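Trainee: So for the sequence shown, the working numbering puts the first residue at 16; every next one is plus one.
Here a beta-carbon is modelled for each residue, glycine too, at the ideal position from N, C-alpha and C.
Computed from a predicted model, the values in this text were never measured in an experiment.
This is the structure I have questions about; it appears just below.
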Amino acid sequence: MEAENHRYSGFQWVLYIVILPLLFTALLSGIILQFFGFDIAGKVADAARSIPVVGQWLPDAEDEATANLDPAEQLAQAQTQVTKLEADSKQLQSDLDKKDAEIERLKQQIEDLKKKKAAAAAQADAENDSVAQADDSLVAQAKVYAEMSPSKAAPILGQLSVTLAKQILDNMTIDQQAAILEKMDPAIAGQILSQ
């Protein structure tokens with residue numbers, strides 16, 4: 016008699032009449048679909064991985080795929096990976112050898128350029144020394160002509176090339192230049208001054 020008077024609460028009614036039959040139906044459908052080859056467990060696991068907190072507890076899909084393989088398949092995959100890594104290593108070593116050869120070629124180029132630079136610097140120093148010697152020679156000649164009387168220095172400078180006479184006169188004071196040019200032939204003095 017008590018069983019007849021007992022009424023179910025709203026939650027109990029929803030649990031027994033709606034939720035449990037839906038769970039049973041979903042579970043039975045999943046088992047049947049799995050039997051026919053559909054990957055229901057994988058789809059549920061992917062959906063669960065997308066849930067923020069639950070996704071941290073589940074392993075990655077790649078780990079599951081590797082764990083589900085039998086040892087022979089795992090060994091074959093590992094050997095394939097090793098072969099691929101060896102090929103990559105050979106390719107990288109080949110690239111490294113090419114880069115090393117390029118570095119050596121560039122180092123040799125740098126050494127050649129340094130040698131050329133040193134040779135050019137030595138040549139420039141030699142030219143500077145010869146220019147300095149020529150300048151010293153011009154200064155010495157200018158001193159000699161300046162110590163001579165202008166009447167004797169003028170005919171001698173008149174016999175030199177116009178350029179050399181101009182260089183010698185440039186190494187004298189203005190008074191000395193004026194005194195010598197005054198005693199020179201006017202045509203030659205004009206040529207010297209026009210340069």
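Whole angstroms is fine: what's the gap from methionine 163's alpha carbon to lysine 132's?
Mentor: Taking the sequence shown and counting its residues from 1, one reaches residue 163 at position 148. Taking the sequence shown and counting its residues from 1, one reaches residue 132 at position 117. Cα-Cα distance, rounded: 46 Å.
Trainee: Classify leucine 43 as buried or exposed, calling it buried when 16 or more other Cβ atoms lie within 10 Å of its own Cβ.
Mentor: Against the sequence shown, residue 43 aligns to sequence position 28. With fewer than 16 other Cβ atoms within 10 Å, it is exposed.
Trainee: What first and last residue would you give for the alpha helix (DSSP H) that runs through proline 165?
Mentor: If you number the sequence shown from 1, residue 165 lands on position 150. Unbroken alpha helix (DSSP H) run through proline 165: 165 to 174.
Trainee: Measure how close the beta-carbons of valine 159 and isoleucine 207 come, nearest whole angstrom, since I'm counting them as under 8 Å.
Mentor: Position 144 of the sequence shown, counted from the first residue, corresponds to residue 159. Position 192 of the sequence shown, counted from the first residue, corresponds to residue 207. Not confirmed; about 18 Å, so no contact.
Trainee: Report yes if the C-beta distance between alanine 194 and proline 165 is below 8 Å; otherwise report no.
Mentor: For the purposes of this step, residue 194 is identified with residue 179 of the sequence shown, where counting begins at 1. For the purposes of this step, residue 165 is identified with residue 150 of the sequence shown, where counting begins at 1. Yes; because the gap between Cβ atoms is below 8 Å, this pair is in contact.
Trainee: Could you name the residues of the same chain whose beta carbon sits closer than 6 Å to that of methionine 16, not counting the 5 residues immediately before and after it, in chain order?
Mentor: To locate residue 16, count along the sequence shown from 1; it is residue 1. In this prediction, methionine 16 scores a pLDDT of 42, lower than 50, which makes its location untrustworthy; no coordinate-derived value is stated.
Trainee: What first and last residue would you give for the alpha helix (DSSP H) that runs through arginine 64?
Mentor: The residue you call residue 64 lines up with position 49 of the sequence shown. Counting along the chain, the alpha helix (DSSP H) containing arginine 64 begins and ends at 55 to 64.
Trainee: Given glutamine 94, which residues of its chain have a CB within under 6 Å of its CB, disregarding the five upstream and five downstream residues?
Mentor: As a first step, residue 94 must be located in the sequence shown, where it is residue number 79. Same-chain partners within the cutoff: there are none.
Trainee: Taking the C-alpha atoms as reference points, what is the distance between leucine 48 and glutamine 108?
Mentor: On the sequence shown, residue 48 is found 33 positions in, with the first residue counted as 1. On the sequence shown, residue 108 is found 93 positions in, with the first residue counted as 1. Distance between the alpha carbons of leucine 48 and glutamine 108 is about 51 Å.
Trainee: Starting from phenylalanine 51 and walking both ways along the alpha helix (DSSP H), at which residues does that stretch end?
Mentor: Position 36 of the sequence shown holds residue 51. It is not in any alpha helix (DSSP H) - phenylalanine 51 carries neither H nor E in the DSSP assignment.
Trainee: Please check if any C-beta of chain B sits within less than 8 Å of the C-beta of glycine 45.
Mentor: Protein chain content of the structure displayed is limited to a single chain, and chain B is not contained in it.
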